[in-house]
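J.:
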Amino acid sequence: MGALYRKELADHLNSPRFILIFCLLIVTSVASFFGAINGIQNLSADNKNFLFLKLFTTGGSAIPSFASFLGFLGPLVGLTLGFDAINRERSQGTLNRLVAQPIYRDAIINGKFLAGATAVAVIVYSIGLFFCGASLLRTGLTFNGEELVRILVFLTFSIVYINFWLGLAIFFSVLSRHAATSALAGIAVWLFFAFFMSLVAKAVADALFPINNLIQAANNMVKNYSCNLVLNRISPYYLFSEAISTILDPSVRSIGIVTSEQLSGAIVGYLPLGQSLLLVWPHLAGLIALMLASFAASYICFMRQEIRA
Amino acid sequence: MTQARTIIETRELTKRYGDIVAVDSLNLSIRQGEVFGLLGPNGAGKTTTTLMLLGLTEPTSGSAYIEGHNCTREPIAVKKLVGYLPDNVGFYGDMTGRENLRFTGQLNGMRGPELEKRIDQLLERVGMTHAADRKAGTYSRGMKQRLGIADVLIKNPSIVIMDEPTLGIDPEGMWELLQIIRELAEQDGRTVLISSHQLYQVQQVCDRVGIFVKGKLIACGGIKDLANQLQAESGYSLELEVVPNDSKLENLLKSMPGVDEVTREGERFLIHSSQDIRGNVTQIAAEHGYSLQYLRHRGGDLDEIYRRYFEKAGEQQHGRESGPRKTGNILQRMGRRKGQ
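Chains P and G, in that order, give the protein sequences.
Residue 215 in the numbering used here sits at position 215 of the first sequence, with consecutive numbering throughout.
Residue 1267 in the numbering used here sits at position 267 of the second sequence, with consecutive numbering throughout.
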């Protein structure tokens, strides 16, 4: 499997599409960096704690922040690296040559996924550290240990999140014979989760727990909101956004519903790192589960599939 | 000849896809060091059989053994022994031929200068040294096929399985390919299993052939044995052309002892008989003032054997459905095909 992994990784790193997606991410991170610098100047004076982290989450007037860019474009990275993993081998006739070698069949798909995951890690860490470096140079802001750890946790979350899309892309590449079909299927899922899942969640929540008048509002407000939230959290995109906004912003104290009784007597302050992590622990578990599920689906499909030309 | 050891053996090997039986109770044994041709039309189950031998497809029932290893349960042990050249062999287009071979070598656990030396030797052997450092994406079909053979030989297999190796290769390339196949068996002592529907080419290199129709092995043996077996079963066929070409001879021929049927195929007569009547025919023709233009005993070459067996297999199939057909029908059909 070592040989396979090395070959796949070399393929990724040398491929034009890897370079293309890397450049795309560099360009967007530069854009979001300047957006963040503009946005951060407008912050009020009492909001100057954890400024370095704010560079990641603050957007300019028209430009989204680095974190939301990564949430939105991350899937594209995963899909690009994985959409033709298996069906390209099939179409160029190398798959049956490969499986005739004395290796276990799962070594092929394991090698592909691990090589893709490594490429993802290379992309994400280098873009993240590039963004840090640019911030240090341009703004002169420095980060303390906690901020650094938060940034690394954020990048690790991104890797897990993107690897989910990588697994999904490999799954489609096992299922469909043509690379174009699997690419389109992957893009369809991506757009659905990025744009339409929130609309669907809202429509379902409104249909189940309508809020058309005051009485309904009194009865259904909480239910409606939780239903909406639960449905949204099915989407890895939402899960990821929620998790990183908690990680990168220590002032986020809770996700979900907080009643005013719960808030009374609370002291306004920042959450320590451990508490922030505790808050998004289920998100991390969910993302890892999604990633493993997408990989497991492609693994099972691939192992059961007939190897025929 | 001390090479009678059986190296590949299948027992009642069967594969079904839904209702379709791709391979039907196949019993095959292939001896070490021989070139065995698995012949049959497209869709006869040849590729399915080779995939089952490699453990890439699970048989519905029955079993296959290579060197005592069960192909389904010990695929890794089998794949160490067997080199497989699939039809439409492909290579990574963005890697050079040499890199492709190196990758295969690494998958077989080979490393370093030893591997490089082997790659050089094999490239030399298949005549690809000049193109070794070009991207495999630029290769022609024949070059891919040759690189495929080098790729199969990297792991030094004792058995080589080739699926349609002669497909889409020009005559000169074909000759070289067959030469290499022969070498594999004679010089290296490897066992070679070729599956193909191209008879003439395969006929030249095979020690034994198995004829495979609709998942069943309907005949197996040396080419001469098959011819003799067929003649014993279904009699002799003689093609005859004489000048002048009139119908008087037809009646004369029909009255000869042992002749079952005489039909016309264009300029030629086709004489179906239960014994070898070549001597008598020339004698009669000479006696009646005919000069002999053409006389050929049908059934000696693989093409003929192959076709006759197909007819037999088709006959059995039809026999089950609509009762036996007349022999004349078969002969007419055979004649029509010959004319094509």
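No residue lacks a Cβ here, since even glycine has one placed at the ideal position from N, Cα and C.
1) Under a three-way DSSP split, which group does ARG1264/G fall into?
2) Where does the unbroken alpha helix (DSSP H) through ALA119/P begin, and where does it stop?
3) I want to verify the contact list: residues of chain P whose CB lies under 8 Å from the CB of ASN1027/G, in sequence order.
4) Out of ALA289/P, ASP11/P and THR246/P, which has the shortest C-alpha to C-alpha gap to LEU53/P?
5) Determine the direct distance from the alpha carbon of VAL268/P to that of ALA218/P, and round the result to whole angstroms.
6) Report yes or no: do the stretch 184-199 of chain P and the stretch 132-152 of chain P share at least 3 C-beta pairs separated by less than 8 Å?
7) Assuming GLU1012/G and GLY1062/G are in contact, meaning their beta carbons sit under 8 Å apart, how far apart are those beta carbons, in whole angstroms?
8) Among residues of its own chain, excluding the 5 on either side of THR57/P, which ones have a beta-carbon nearer than 7 Å to its beta-carbon?
9) Short of 6 Å in beta carbon distance, which residues of its chain neighbour LEU284/P, apart from the five on each side in sequence? Order them along the chain.
10) So what does DSSP say about LEU1028/G, is it helix, strand or coil?
11) Given this structure, state the Cα-to-Cα distance separating LEU1199/G from LEU1051/G, to the nearest angstrom.
12) Strictly below 7 Å CB to CB, what residues from chain G border LYS7/P?
13) Would the stretch 1056-1070 of chain G count as touching the stretch 1230-1244 of chain G if we require 3 or more Cβ pairs under 8 Å?
14) Mind reading off the beta-carbon distance from ASN232/P to ALA201/P? Whole number of angstroms is fine, and I expect it under 8 Å.
15) If distances are taken between C-alpha atoms only, which option among ASP1019/G, GLN1283/G, ILE1223/G and LYS1214/G comes closest to GLU1347/G?
16) Using the beta-carbon of each residue, which ones in chain P are nearer than 8 Å to ASN1108/G?
17) With 8 Å as the threshold, decide whether the Cβ of PHE1091/G is near any Cβ in chain P.
18) How would you label LYS1248/G, buried or exposed, when you count the other beta carbons within 10 angstroms and need 16 or more for buried?
19) In the structure shown, what three-state DSSP assignment does MET1128/G receive?
20) Under DSSP, the alpha helix (DSSP H) around PHE69/P begins and ends at which residues?
21) Does any C-beta atom of chain G lie closer than 8 Å to the C-beta of ASN224/P?
22) So if DSSP puts PHE1036/G in a beta bridge, which residue, or which two residues, is it bridged to?
23) With distances taken Cα to Cα, identify the nearest neighbour of LEU1081/G among ASP1087/G, ARG1111/G, GLY1090/G and CYS1071/G.
24) Report the CB separation of VAL1089/G from GLY1055/G in whole angstroms; it is logged as a contact under 8 Å.
25) So what's GLN1275/G in DSSP terms, helix, strand or just coil?
26) Please state whether DSSP places VAL1213/G in a helix, a strand or coil.
27) Please state if the CB of LEU1226/G and the CB of VAL1281/G are separated by a distance shorter than 8 Å.
28) Taking 7 Å as the cut-off, is the CB of TYR1236/G close to at least one heavy atom of the ligand GTP?
29) Within a Cβ cutoff of 6 Å, which residues of the same chain sit near ASN14/P, ignoring the five residues on either side of it in sequence?
30) If you draw a straight line from the alpha carbon of MET1095/G to that of ALA194/P, how long is it in whole angstroms?
31) Between TRP281/P, GLY265/P and ALA3/P, which lies nearest to ILE255/P when the distance is taken from Cα to Cα?
32) Can you look up ILE1154/G in the DSSP assignment and give me helix, strand or coil?
33) Is the shortest distance between the beta-carbon of ILE21/P and the beta-carbons of chain G less than 8 Å?
34) Which of helix, strand or coil does DSSP assign to TYR1017/G?
35) Out of ILE40/P, ILE300/P and GLU8/P, state which residue places its alpha-carbon closest to the alpha-carbon of VAL174/P.
36) Exposed or buried, what is GLU1114/G when buried is set at 16 or more other beta-carbons lying within 10 Å of its beta-carbon?
T.: Based on what the coordinates show:
1) Here residue 1264/G refers to the residue found at position 264 when the second sequence is read from its first residue. In this structure, ARG1264/G counts as strand in the three-state DSSP scheme.
2) Position 119 of the first sequence holds residue 119/P. ALA119/P -> alpha helix (DSSP H) spans 105-139.
3) Counting from 1 along the second sequence, the entry for residue 1027/G is found at position 27. Per Cβ cutoff of 8 Å: no residues; ASN1027/G is ~24 Å from chain P at best.
4) Here residue 53/P refers to the residue found at position 53 when the first sequence is read from its first residue. If we check each option's Cα against that of LEU53/P, THR246/P comes out closest.
5) Your numbering for residue 218/P matches position 218 in the first sequence. Your numbering for residue 268/P matches position 268 in the first sequence. So the alpha carbons of these two residues sit roughly 28 Å apart.
6) no
7) As a position in the second sequence, residue 1012/G is number 12, starting the count at 1. As a position in the second sequence, residue 1062/G is number 62, starting the count at 1. Between GLY1062/G and GLU1012/G the Cβ distance is about 4 Å, and since that is below 8 Å, they are a contact.
8) Against the first sequence, residue 57/P aligns to sequence position 57. If we look at THR57/P and ignore the five residues flanking it on each side, its Cβ neighbours are SER65, ALA67, SER245, LEU248 and ASP249.
9) What you label residue 284/P is simply residue 284 of the first sequence in a count that begins at 1. Counting only Cβ-Cβ distances below 6 Å, and skipping sequence neighbours, we find nothing.
10) Start at 1 with the first residue of the second sequence, and residue 1028/G comes out as number 28. Strand at LEU1028/G.
11) Position 199 of the second sequence holds residue 1199/G. Position 51 of the second sequence holds residue 1051/G. LEU1199/G and LEU1051/G: Cα-Cα distance of roughly 21 Å.
12) Position 7 of the first sequence, counted from the start, is the residue given in the question as residue 7/P. PHE1103, listed in chain order.
13) no
14) Taking the first sequence and counting its residues from 1, one reaches residue 232/P at position 232. Taking the first sequence and counting its residues from 1, one reaches residue 201/P at position 201. That pair is a contact at about 5 Å.
15) Examination of residue 1347/G is not possible in this model, given that chain G is present from 1001 through 1340 alone.
16) One-based indexing of the second sequence puts residue 1108/G at position 108. Neighbours of ASN1108/G on chain P, chain order: GLN101 and PRO102.
17) If you number the second sequence from 1, residue 1091/G lands on position 91. So yes, PHE1091/G belongs to the interface.
18) To locate residue 1248/G, count along the second sequence from 1; it is residue 248. So LYS1248/G ends up on the exposed side.
19) As a first step, residue 1128/G must be located in the second sequence, where it is residue number 128. Of the three classes helix, strand and coil, the one that applies to MET1128/G here is coil, per DSSP.
20) Indexing the first sequence from 1 puts residue 69/P at position 69. Looking at the DSSP string, the run of the alpha helix (DSSP H) that includes PHE69/P is 66-82.
21) Reading the first sequence from its first residue, position 224 is the one you call residue 224/P. Output row for ASN224/P: interface = no.
22) Mapped onto the second sequence, residue 1036/G falls at position 36. LEU1193/G and ARG1208/G, per the DSSP bridge assignment.
23) Position 81 of the second sequence, counted from the start, is the residue given in the question as residue 1081/G. With distances taken between Cα atoms, LEU1081/G lies closest to CYS1071/G.
24) Taking the first residue of the second sequence as 1, we reach residue 1089/G at position 89. Taking the first residue of the second sequence as 1, we reach residue 1055/G at position 55. With 8 Å as the limit, VAL1089/G and GLY1055/G do not qualify as a contact, their Cβ atoms being about 19 Å apart.
25) Numbered from 1 along the second sequence, position 275 holds the residue referred to as residue 1275/G. DSSP places GLN1275/G in coil when its eight states are reduced to three.
26) Here residue 1213/G corresponds to residue number 213 of the second sequence, with the count starting at 1. Looking at VAL1213/G - three-state DSSP - the assignment turns out to be strand.
27) Against the second sequence, residue 1281/G aligns to sequence position 281. Against the second sequence, residue 1226/G aligns to sequence position 226. Result no, Cβ atoms of VAL1281/G and LEU1226/G do not sit closer than 8 Å.
28) The ligand GTP is absent from the structure shown, which contains no ligand whatsoever.
29) Position 14 of the first sequence, counting from 1, holds the residue named residue 14/P. So the list is empty, once near-sequence residues are dropped.
30) Counting from 1 along the second sequence, the entry for residue 1095/G is found at position 95. Counting from 1 along the first sequence, the entry for residue 194/P is found at position 194. Roughly 37 Å between the two C-alpha positions.
31) Counting from 1 along the first sequence, the entry for residue 255/P is found at position 255. Checked all of TRP281/P, GLY265/P and ALA3/P; the closest Cα to ILE255/P is TRP281/P.
32) For the purposes of this step, residue 1154/G is identified with residue 154 of the second sequence, where counting begins at 1. The answer is coil: DSSP assigns ILE1154/G none of H, G, I, E or B.
33) Start at 1 with the first residue of the first sequence, and residue 21/P comes out as number 21. Output row for ILE21/P: interface = no.
34) As a working mapping, residue 1017/G is identified with position 17 in the second sequence. Strand, per DSSP.
35) Along the first sequence, read from residue 1 onward, the residue named residue 174/P stands at position 174. The shortest C-alpha separation from VAL174/P is found at ILE300/P.
36) For the purposes of this step, residue 1114/G is identified with residue 114 of the second sequence, where counting begins at 1. By the neighbour-count rule (16 or more Cβ atoms within 10 Å), GLU1114/G is not buried but exposed.
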